[in-house]
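> Quick note, the sequences are listed as chains A and B, same order.
Counting from 1, one number per residue, gives the positions in the first sequence under the UniProt record's numbering.
Counting from 1, one number per residue, gives the positions in the second sequence under the UniProt record's numbering.
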Amino acid sequence: MTGGFAVRAEALEKRYGEKRALDGFDLAVREGTVHGLLGPNGAGKTTAVRILSTLVRLDGGQAQVAGIDIARQPREVRARIGLTGQYAAVDEVLTGRQNLEMFGRLFHLGGRRARQRATELLEQFDLADAAGKGVDKYSGGMRRRLDLAASMILAPSVLFLDEPTTGLDPRSRGEVWQSVRELVASGTTVLLTTQYLEEADKLASRITVIDQGRAIADDTPDGLKNTIGGDRIEVVVTERADIPRVVKVVARVSDGEPDVDEAESRVHASVTDRVSALTEVARTLQDEGVPVEDIGLRRPSLDDVFLRLTGHRTETKDEKNAESAKGTAA
Amino acid sequence: MSVVDVADAGGAVADRGRVYWLLSDCWNVVRRGLTHYQRQPINIAWQLGFPILSVLLYGYVFGSAMTVPGGGDYKDFLMPGMFVMTMAFGFINTATVVVYDSTKGVIDRFRSMPMAPSAVVAGRGITDLVVACAELGIMMLTAFAMGWRPEGGPGFVAAFGLLLWLRFSLIWLGVWLGLIAPNPEAAGGLFAVAFPLTMISSIFVAPQLMPDWLGFVAAWNPISSTAAAARDLFGTPVGDGDSWVEGHALLMAGVWPAVLTLIFLPLAVRRFQKLSR
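Spelled out as structure tokens, the structure:
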């Protein structure tokens, strides 16, 4: 009995030498939803996914995936999960069709059924035209879709999506998102880890934030945003030297400490009385003669949540990937 | 073939014995490896290029200048050595494929599936043996075209078997190295280690013609035993050195690979299991 949860993990522990990769990690993923798992680099996201997908043994705690204990019956779990992402690849030498047929036979479908299933999936993931091409000639987006297709051969109850769109251009990213939505509509549960908060915001109905091997928050995207206050006022100054003055002005109307983003010369803080706060800040800055690039109100983003919860900006790896993901990273 | 319906595939580790699925999984991994060669025939050409080139170079360029103890034909001395060298270098191919699969995540995908985990490694080994048979066949035809004339019959079959036995033992060295290598480039570097190790043996030159200490090392090199045993079994023996190991080439051609297997098979298996730590 799964009790409506596709994944249940309690107090997961994993140690690598001195380092506690997971330190009492809890997770509950409702059936038929996309659940986001966010965290800075080294927080334990990947370890959690590798444990839940039976690639790595846990040191303590317990977990069920699709209602089955991962430590006691790993093979039964494997028949019910799909794993896609940076750590589970397709064969780059084989063609798309050869890949899907091979994985189908290794999922014990038998030759005829494996061929049928490959044809179905190639259609479904819009790869029929490229079926006979070597995967090394696929674009990043096509490869990711083939990866998803390979995870879908047995129509898994739970799909682990590990950074499915890292390094993809915006168009391919949109295609992958579309595929994920279709899978969930057909009843699959998805556990999504991602670098991109925008991605989690778009896809996930619930998000767990992990830091230093523990879940430090678990809520809907809106719920998470509300925990750090309502709307935010945001001022971008022309001269960085003016930041301290702006902070003082903003602090007067805010119910919390203003956050400062030095790199972008940005000061922002949560406000309750939106319009009067905006008018007052605008007027004061004008009176004091502080040149302002931009001023406005906006809903808090998951980035703000993340910053507040973990004390990190989204993360360093994002900068590394910034080139390939230009403009779409939050 | 039984057909599993995908609709109830949730519980569909179909109703056959473990052994059936182990063999089926193995075969599918082998099929993958062989399809690679079919899709990239250039790879098998590269793999064969070096030994064939060596056969031609050493046979024609050095052949006239090389002396064989006991005054035999250098071709008869060289060809079995070339076959041994190809088998010995084979572990680099194994390591290269394994390091690629493990760093790119192909092995992890296999491990996340309900297939037999041992089939991942066993399938690799069988693929390599099948490819080794093809390599030996092509090299022997090249040698034959150059005038090498072995005796047929049981001796020939036994020599072929000993060559494969050596290749088999080195599969596990290759798997182990492939799993510990951090990236494919590192596996490429293995050649620099393998080349001198195969040179200091009886493959190109008889150990008794080397300086004493070097000749001793060369004679005790495991691949020297296989080379000497193959020369005997092909019916083209050459004068052996007088050390004990050279006098028992046939025995040692069986023992050395067994020792290598006993060392590296457990190491490879342990390393594979360690992936889940």
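Glycine included, each C-beta is placed from N, C-alpha and C at the ideal position.
Taking D128 of chain B as the reference, give the member of B:W220, B:G33, B:W27 and B:G241 with the closest Cα.
Here the closest residue by C-alpha is B:G33.
> What did DSSP end up calling Q40 of chain B once you bin it into helix, strand or coil?
In this structure, Q40 of chain B counts as coil in the three-state DSSP scheme.
> Among the residues of its own chain, which have a CB less than 7 Å from the CB of R274 of chain A, if the five just before and after it don't count?
The residues are D231 and L297.
> Taking Cβ-Cβ distances shorter than 8 Å, what residues in chain A pair up with N93 of chain B?
Correct list: empty, because the minimum Cβ distance to chain A is about 14 Å.
> Could you tell me if G104 of chain A is buried or exposed, where buried requires 16 or more neighbouring beta carbons within 10 angstroms of its beta carbon?
G104 of chain A should be labelled buried.
> Between the stretch 169 to 186 of chain A and the stretch 267 to 284 of chain A, do three or more beta carbon pairs fall short of 8 Å?
Flag = no, the stretch 169 to 186 of chain A and the stretch 267 to 284 of chain A do not touch.
> Can you tell me which of the three DSSP states V56 of chain A falls into?
Reduced to three states, the DSSP call for V56 of chain A is coil.
> Along the alpha helix (DSSP H) that carries G111 of chain A, what are the first and last residues, could you check?
Element bounds for G111 of chain A: G111 to Q124.
> Pick out whichever of A:V34, A:G17 and A:P40 has its Cα sitting closest to the Cα of G311 of chain A.
Per the Cα distances, A:P40.
> Does any CB atom of chain A fall closer than 8 Å to the CB of W148 of chain B?
So no, W148 of chain B is outside the interface.
> Within the same chain, show all residues whose beta-carbon is closer than 6 Å to that of A114 of chain A, passing over the 5 residues directly before and after it, in chain order.
For A114 of chain A, where only same-chain residues beyond five positions count, the Cβ hits under 6 Å are E101, G104 and R105.
> Under 8 Å, CB to CB, which of the residues in the stretch 106 to 118 of chain B have a partner in chain A?
For the stretch 106 to 118 of chain B, which is checked against every Cβ of chain A, the residues closer than 8 Å are V106, D108, R109, F110, R111, S112, M113, P114 and M115.
> Might you give, ordered along the chain, the residues of its own chain that have their beta carbon closer than 7 Å to the beta carbon of S102 of chain B, omitting 5 neighbours on each side?
Cβ neighbours of S102 of chain B beyond the five flanking positions: G178 and L179.
> Taking 8 Å as the threshold (beta carbon to beta carbon), is K104 of chain B in contact with chain A?
Chain A contact via Cβ: present.
> Are the stretch 288 to 305 of chain A and the stretch 233 to 241 of chain A touching by the rule of at least three beta carbon pairs closer than 8 Å?
The stretch 288 to 305 of chain A, when compared against the stretch 233 to 241 of chain A, does touch it at the 8 Å Cβ threshold.
> Under 8 Å: do the stretch 55 to 72 of chain B and the stretch 123 to 138 of chain A share three or more Cβ pairs, one atom per stretch?
No, because fewer than three Cβ pairs between the stretch 55 to 72 of chain B and the stretch 123 to 138 of chain A fall closer than 8 Å, the two stretches do not touch.
> How should K45 of chain A be labelled, buried or exposed, when 16 other C-beta atoms within 10 angstroms of its C-beta is the threshold for buried?
Its Cβ being crowded by 16 or more others within 10 Å, K45 of chain A is buried.
> Mind checking which residues open and close the beta strand (DSSP E) that includes V205 of chain B?
Per DSSP, V205 of chain B belongs to no beta strand (DSSP E) and is neither H nor E.
> For the 8 Å Cβ check, are there 3 or more pairs between the stretch 249 to 261 of chain B and the stretch 219 to 228 of chain B?
Result yes; three or more Cβ-Cβ pairs closer than 8 Å.
> Quick one: does D91 of chain A have its CB under 8 Å from some CB of chain B?
Yes, D91 of chain A lies at the interface with chain B (some Cβ there is under 8 Å from its Cβ).
> Does chain A have any CB closer than 8 Å to the CB of Q47 of chain B?
With 8 Å as the cut-off, Q47 of chain B does not count as an interface residue toward chain A.
> How is E198 of chain A classed by DSSP in three states: helix, strand or coil?
E198 of chain A: helix per DSSP, three-state reduction.
> What are the start and end residues of the beta strand (DSSP E) that includes I153 of chain A?
It is not in any beta strand (DSSP E) - I153 of chain A carries neither H nor E in the DSSP assignment.
> Suppose the cutoff is 6 Å on Cβ atoms and the five residues either side in sequence are ignored; what does the same chain contact list for V3 of chain B look like?
Note that V3 of chain B scores a pLDDT of 35, beneath 50, so its modelled location is shaky and nothing firm can be said.
> Could you check if T227 of chain A is buried or exposed, using at least 16 other CB atoms within 10 Å of its CB as the buried criterion?
It is exposed - the Cβ of T227 of chain A has fewer than 16 other Cβ atoms within 10 Å.
> Can you check whether the C-beta of R39 of chain B is within less than 8 Å of a C-beta belonging to chain A?
Yes, its Cβ sits closer than 8 Å to a Cβ of chain A.
> For the 8 Å Cβ check, are there 3 or more pairs between the stretch 206 to 221 of chain B and the stretch 126 to 140 of chain B?
They do not touch, by the three-pair rule.
> On the DSSP letters alone, give me the boundaries of the alpha helix (DSSP H) that G96 of chain A sits inside.
Start and end: G96 to L106.
> Look up V259 of chain B in the DSSP assignment and say whether it is helix, strand or coil.
V259 of chain B: helix per DSSP, three-state reduction.
> Three-state secondary structure (DSSP) at T193 of chain A?
Strand at T193 of chain A.
> Taking C-beta to C-beta, are L12 of chain A and A89 of chain A nearer than 8 Å?
No, Cβ-Cβ distance for L12 of chain A and A89 of chain A is not below 8 Å.
> D108 of chain B: buried (16+ other C-beta within 10 angstroms of its C-beta) or exposed?
So D108 of chain B ends up on the buried side.
> Rounded to the nearest angstrom, what separates S64 of chain B and W148 of chain B at their Cα positions?
Near 15 Å, if we compare the C-alpha coordinates of W148 of chain B and S64 of chain B.
> Give the DSSP bridge partners of H248 of chain B, in chain order.
Beta-bridge pairing links H248 of chain B to no other residue.
> Quick check on A258 of chain B: buried or exposed, where buried means 16 or more other Cβ atoms within 10 Å of its Cβ?
Its Cβ having fewer than 16 others within 10 Å, A258 of chain B is exposed.
> Put T47 of chain A into one of helix, strand or coil per three-state DSSP.
T47 of chain A: helix per DSSP, three-state reduction.
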